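Under the numbering used here, residue 186 is the last one in the sequence shown; the count climbs by one each step, no gaps.
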Amino acid sequence: MHRFFTDESIIEGKVKIYGDDYNHIKKVLRITEDEKIEVVVLGELYIGNIEICDKYISVYNLEKISENTESKIRIHLLQCLAKGEKMDLIVQKAVELGVYDITLVNSKRCIVKIDEKKENKKIERLQKIAYEASKQSKRLIVPKINEVIQFKNIINIVGDNYLLVA
Numbered sequence: 021m022h023r024f025f026t027d028e029s030i031i032e033g034k035v036k037i038y039g040d041d042y043n044h045i046k047k048v049l050r051i052t053e054d055e056k057i058e059v060v061v062l063g064e065l066y067i068g069n070i071e072i073c074d075k076y077i078s079v080y081n082l083e084k085i086s087e088n089t090e091s092k093i094r095i096h097l098l099q100c101l102a103k104g105e106k107m108d109l110i111v112q113k114a115v116e117l118g119v120y121d122i123t124l125v126n127s128k129r130c131i132v133k134i135d136e137k138k139e140n141k142k143i144e145r146l147q148k149i150a151y152e153a154s155k156q157s158k159r160l161i162v163p164k165i166n167e168v169i170q171f172k173n174i175i176n177i178v179g180d181n182y183l184l185v186a
């Protein structure tokens, strides 16, 4: 069964799916009316039937599923920038393995240097990869890809509750 995420609230027993997922459901997967899908609403899993509208998919007959596939250990990955498409693979596999947050780190030994103009596009792209990996691995959350920080600033984001492993 296909899984989708939405930030919309459940109103009158229905939730709406917009944007890329709307196009994916309607044009790529060609899911028909009344077919069942899984939808994650604010970290909670529901199964419901779909109704195809002009600009959105409405999921109704929502049945809450009490499935918790998330680890109790919250892993925050601090990843130095990698060359080429390696970063895409790192993000995908980290999400599939259960990471909660990913922060990109730039160090003086990094070969890759991200231009400030391209940084937002890179983060958006990696966020999409994290989203797709979350759907594929049946996660209940989509990990957040944080902006690039300098290696010397790692200590600023690490609190008392963190255990650093290198």
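Beta carbons: idealized from backbone N, C-alpha and C, even for Gly. The structure displayed is predicted, hence computed values, not measured ones.
Sheet register partners of residue i (DSSP bridge)
i	result
residue 67	58 and 83
residue 26	61
residue 36	78
residue 72	77
residue 177	The partner list for residue 177 (beta bridge, DSSP) is empty, contrary to what the question assumes.
residue 31	34
Sub-7 Å separation of residue i and residue j beta-carbons
i	j	result
residue 150	residue 165	yes
residue 100	residue 130	yes
residue 80	residue 42	no
residue 169	residue 119	no
residue 146	residue 90	no
residue 57	residue 22	yes
residue 26	residue 37	yes
Among the options, nearest to residue i - alpha-carbon criterion
i	options	result
residue 182	126, 124 and 94	94
residue 158	103, 59, 51 and 31	59
residue 128	50, 102, 185 and 26	102
residue 31	78, 121, 85 and 167	78
residue 142	45, 175, 54 and 167	167
residue 176	116, 112 and 98	98
residue 185	96, 47, 172 and 173	96
residue 24	44, 137 and 123	44
residue 29	82, 112 and 172	82
residue 40	54, 148 and 173	148
residue 155	115, 35 and 33	115
residue 162	53, 52 and 121	121
residue 173	123, 33 and 144	123
residue 34	104, 85, 50 and 61	61
Residue i Cβ short of 6 Å to the ligand PLP heavy atom set
i	result
residue 49	With respect to the ligand PLP, the structure shown offers nothing to examine, as it has no ligands at all.
Within the stretch 88-168, ranges of the beta strand (DSSP E) (whole runs, at least 3 residues): 96-100 and 121-126
Is there contact between the stretch 106-120 and the stretch 48-66, where contact requires at least three CB pairs shorter than 8 Å? no
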